[in-house]
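Here's the structure we're looking at; comments come further down.
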Amino acid sequence: MVSKAAEGIYMIALPFLKTRVKSINEIKLYLIKGKERNLLIDAGLNEEGYYESLLKDLDELGVSMDNTDIFLTHMHPDHSGSILKLKNPNNKIYAVKEEADITNSLCTEDYWKARYEQYLIEDLRLSYDEFIASHPACEYFPESAADFTIVNEGDMINIGDYNFECIITPGHSPAHTCLYDKKENLLIAGDMILTNAAPVLFFDQDLDDPLNEYLKSLNIIESLNAETILPGHAEIKFNINERIAELREHYDIKCRQITELLKEHGPMTAWQTAEYTVKFDIPKELKDLSNVSKWFFFLPACMTLRYLSGKNLINCRQSSEGVNVYYV
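Residue numbers for the sequence shown follow the numbering used here, so the first one is 165 and each next one is one higher.
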């Protein structure tokens, strides 16, 4: 579905036909029309039905990829999946180097084995095959490497009447990047700020404390005081600073809950912590959930424990098996 999001900017909202992340059921891409070239923000899933819908919407806008470049906010497959389908000899894909490199690694087994090792340290209790079959971001990624045009923090991308500054906001991914037009006070935010959920945080290459990085990035976004925000999912009209306050409170509550659990029950791993935190939200045991659903309790436990330990608010030691055990 195509609609006007701002002057010269069109939102393409496309439902996910299939995805492991049930709370996020569509992605919003943005097409910025220029005089000679256009810019598409993100590319969506590498899934045939999704791609066909995207082509129909681009056709409705009268847009050809021959004169339309792509800006990738971050490497997750719901944003990067279709870049190879959209890339041709006449256009470019812009991204910061960290996100470009990881996007090009998604199709390799070495990348996923390295991620698996990160989670084993936090007591992940899934086999490697189960990990691949259930990890929320391990689906619909590009099938091979793409040729990127690298941008850096502070670089300007001028398109139509907009002059966008690249602002790196790590946390949701290692170098998640927003675009900000100071004159229009407009922020293209990717997954940095969402109204219907706190962004899912993952361990990744060179990203061992995602929550700490994300909270620092919230400070960056808050300092912009943007009036208009165009996110990658959910609503596009909301007060950004009110939402930032809600997100901070959300993470404060998680930190307090988990600290109290450690005080009450003694030393625990992230997986053991998730066995308790699941009961805060649903009347079920972690072991009774699908492997996909387990991630949405295990991941917050990992990120909160790692953050609290990094701030020296709790302690961490490694067991004889090399697993992190947290305690107060």
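Think of the CB as a built atom: it goes at the ideal place given N, C-alpha and C, for glycine as much as any other residue. Please read these numbers as outputs of a predicted model, since none were measured by experiment.
Could you name the residues of the same chain whose beta carbon sits closer than 6 Å to that of residue i, not counting the 5 residues immediately before and after it, in chain order?
i	result
Leu371	Pro338
Asp368	Pro338
Ile393	Leu351, Ala353 and Ile404
Gln282	Phe367
Asp221	Val166 and Ile176
Quick check on this structure: which residue in the options has the alpha carbon closest to the alpha carbon of residue i?
i	options	result
Glu211	Ser246, Tyr490 and Tyr344	Ser246
Ala353	Gly198, Asn189, Ile176 and Ile205	Ile205
Pro334	Leu365, Asp230 and Ser454	Leu365
Asn376	His240, Cys466 and Gly172	Cys466
Asn316	Glu307, Cys330 and Pro306	Cys330
Thr359	Leu472, Glu200 and Lys401	Lys401
Ser381	Lys346, Cys419, Thr341 and Asp325	Thr341
Thr437	Thr468, Asp355 and Asn403	Thr468
Tyr275	Leu222, Lys182, Tyr490 and Ile296	Ile296
Ala310	Gln282, Asn255 and Tyr378	Asn255
Lys346	Asn383, Asp233, Ser387 and Tyr378	Ser387
Gly318	Gly324, Pro306 and Ile332	Ile332
Leu236	Leu219, Thr267 and Glu485	Thr267
Tyr378	Leu350, Ile408 and Glu399	Ile408
Tyr194	Gly396, Tyr283 and Pro241	Gly396
Ser269	Glu294, Pro253 and His240	His240
Leu181	Ser167, Lys168, Met320 and Gly213	Gly213
Arg412	Gln282, Met356 and Leu178	Met356
Lys427	Phe460, Tyr490, His238 and Ile234	Tyr490
Asn389	Ile417, Glu348 and Pro363	Glu348
Ala362	Pro464, Glu216, His243 and Ser454	Pro464
Cys302	His243, Asp325 and Asp452	His243
Ser473	Thr423, Phe460, Val442 and Glu449	Thr423
Lys197	Gly208, Leu219 and Lys168	Lys168
Cys419	Met175, Tyr258 and Ile478	Ile478
Ile321	Tyr304, Glu485 and Val260	Val260
With burial defined as no fewer than 16 other Cβ atoms inside 10 Å of the residue's Cβ, what is the status of residue i: buried or exposed?
i	result
Ala434	buried
Asn476	exposed
His414	exposed
Glu262	buried
Asp265	buried
Gly430	exposed
Thr313	exposed
Glu399	exposed
Thr446	Reading the sequence as shown, one finds Ile at residue 446 and not Thr. It counts as exposed.
Arg481	exposed
Asp416	exposed
Lys458	buried
Thr441	buried
Asp233	buried
Quick one: what's got a C-beta closer than 8 Å to residue i's C-beta in the same chain, skipping five residues either side?
i	result
Asn444	Residue 444 is actually Phe in this sequence, not Asn. Answer for Phe444: Gln421, listed in chain order.
Leu248	Asn210, Pro306, Glu307, Ser308 and Ala310
Glu190	Ala177, Leu178, Pro179, Phe180 and His397
Return the first residue and the last residue of the beta strand (DSSP E) that residue i is part of.
i	result
Glu329	Tyr326 to Ile332
Gly354	Leu350 to Gly354
Pro179	Ile173 to Pro179
Ile357	Counting along the chain, Ile357 falls outside any beta strand (DSSP E), and DSSP gives it neither H nor E.
Ser167	Val166 to Ala170
Glu449	Element bounds for Glu449: n/a, residue is neither H nor E.
What does a CB cutoff of less than 7 Å around residue i pick up in its chain, not counting 5 residues either side in sequence?
i	result
Val487	Ile285, Asp287 and Thr433
Tyr292	Tyr280
Pro374	Gly335, Leu365, Phe366, Phe367 and Met467
Glu224	Val166
Ile384	Ile331 and Thr333
Arg289	Trp435
Ser454	none
Alpha helix (DSSP H) containing residue i: first to last residue?
i	result
Lys401	Neither: Lys401 is in no alpha helix (DSSP H) and is coded neither H nor E.
Thr437	Ala434 to Asp445
Tyr304	Segment: none, Tyr304 is in no alpha helix (DSSP H) and carries neither H nor E.
Gln482	Taken as a continuous stretch (DSSP letters only), Gln482 belongs to no alpha helix (DSSP H), being part of the beta strand (DSSP E) at Asn479 to Gln482.
Phe461	Asn455 to Gly474
Lys220	Glu212 to Glu224
Lys249	Ile247 to Leu250
Leu382	Pro374 to Leu388
Pro241	Pro241 to Ser244
Ala362	No alpha helix (DSSP H) contains Ala362, which DSSP labels as neither H nor E.
Leu290	No alpha helix (DSSP H) contains Leu290, which DSSP labels as neither H nor E.
Quiz item: Do the stretch 190–202 and the stretch 224–231 make contact, defined as three or more Cβ pairs closer than 8 Å?
Solution: yes
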